[in-house]
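The opening residue of the sequence shown carries number 3 in the numbering used here; numbering runs sequentially from there.
Beta carbons: idealized from backbone N, C-alpha and C, even for Gly.
This report refers to the structure that appears directly beneath it.
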Amino acid sequence: MPRNCWICGEIADSAEHMVKASDLRAIFGRFNNKAPVYRHSKATQNELVPGPKSDKVKFAPSLCQHCNNARTQAHDKAWEKLSEQVRARHPALTTNSRLPLKEIFSSNVTNEMKNVHLFFVKLLGCYAVEYGVPLPIAHFGLCIRNEVVQPNIELTFVHIQPKTSKYQILVGNIDALNVGGKTVSAIWFYIVGTLGVLVSYKEPGHPRLNKFRGWHPSTINPSICLK
3 MPRNCWICGE
13 IADSAEHMVK
23 ASDLRAIFGR
33 FNNKAPVYRH
43 SKATQNELVP
53 GPKSDKVKFA
63 PSLCQHCNNA
73 RTQAHDKAWE
83 KLSEQVRARH
93 PALTTNSRLP
103 LKEIFSSNVT
113 NEMKNVHLFF
123 VKLLGCYAVE
133 YGVPLPIAHF
143 GLCIRNEVVQ
153 PNIELTFVHI
163 QPKTSKYQIL
173 VGNIDALNVG
183 GKTVSAIWFY
193 IVGTLGVLVS
203 YKEPGHPRLN
213 KFRGWHPSTI
223 NPSICLK
């Protein structure tokens, strides 16, 4: 049976990337069947990925075309710009460096960082649907439709030391605390090159699973410290 889009309820006929295509191209350049990259997961090792738009790096369809493209395009673009600008910094950013948000988003830092936040709300929602994690998907969808922040999701931006891992891109599993059939606290990693984002969800009154206090758009600053 086809799923419905978890953001708006229409038929889900679009599959979101697990890793943004622009991030794949930035790290691996041009790749195809003759010069592929390989995906490793708990289920498979050395799975050939013939290109950045391959189904091998997509979730199963859980969104409609409108939500995955037009509705969330500004969110995707905001993350693409932030990710690109971090890689382009000279000298390179390291642990305890500050992300210079006013330099990256000169026009509207508050709105663009809200869009970055909503980009990760969408990714976390797709991951939760894919693997049956009982997060409040309906509320995630409401936030995206109304262009408002999700109050319980925070982001921690982390510097990853070069060559500390054999994986240049890493999408982690959700580490969740479930109570009464629902997730009350969860963390999830998204790493591209030397930039990592720890996405954390925490309902009030429940322990945070990560040791860092994350960033939330409600407390926007001109810069964010890399952990």
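- With a 10 Å radius around the Cβ and a threshold of 16 neighbouring Cβ atoms, Asn154 comes out buried.
- Every alpha helix (DSSP H) stretch that sits fully inside the stretch 88-149 and reaches 4 residues is listed by chain position as 103-106, 111-133 and 139-148.
- Rounded to whole angstroms, the separation of the alpha carbons of Gly182 and Ile106 is 42 angstroms.
- Of all alpha-carbon atoms in Phe159, Val39, Leu200 and Arg5, the one lying nearest the alpha-carbon of Pro54 is that of Val39.
- Listed in chain order, the beta strand (DSSP E) elements of length 3 or more contained wholly in the stretch 32-67 are 39-41 and 49-51.
- Taking 8 angstroms as the cut-off, the beta carbon of Lys104 is found closer than this to the beta carbon of Pro224.
- Asp15 carries a coil assignment under DSSP once its states are collapsed to helix, strand and coil.
- The C-alpha of Leu125 is placed about 13 angstroms away from the C-alpha of Pro138.
- Taken atom to atom, the span from the alpha-carbon of Leu157 to that of Ser16 is near 26 angstroms.
- No Cβ-Cβ contact shorter than 8 angstroms links Val186 with Leu197.
- Nearest in C-alpha terms to Arg91, of all of Thr74, Asn70 and His161, is His161.
- By the Cβ neighbour-count rule, His42 is exposed, with fewer than 16 other Cβ atoms within 10 Å of its own.
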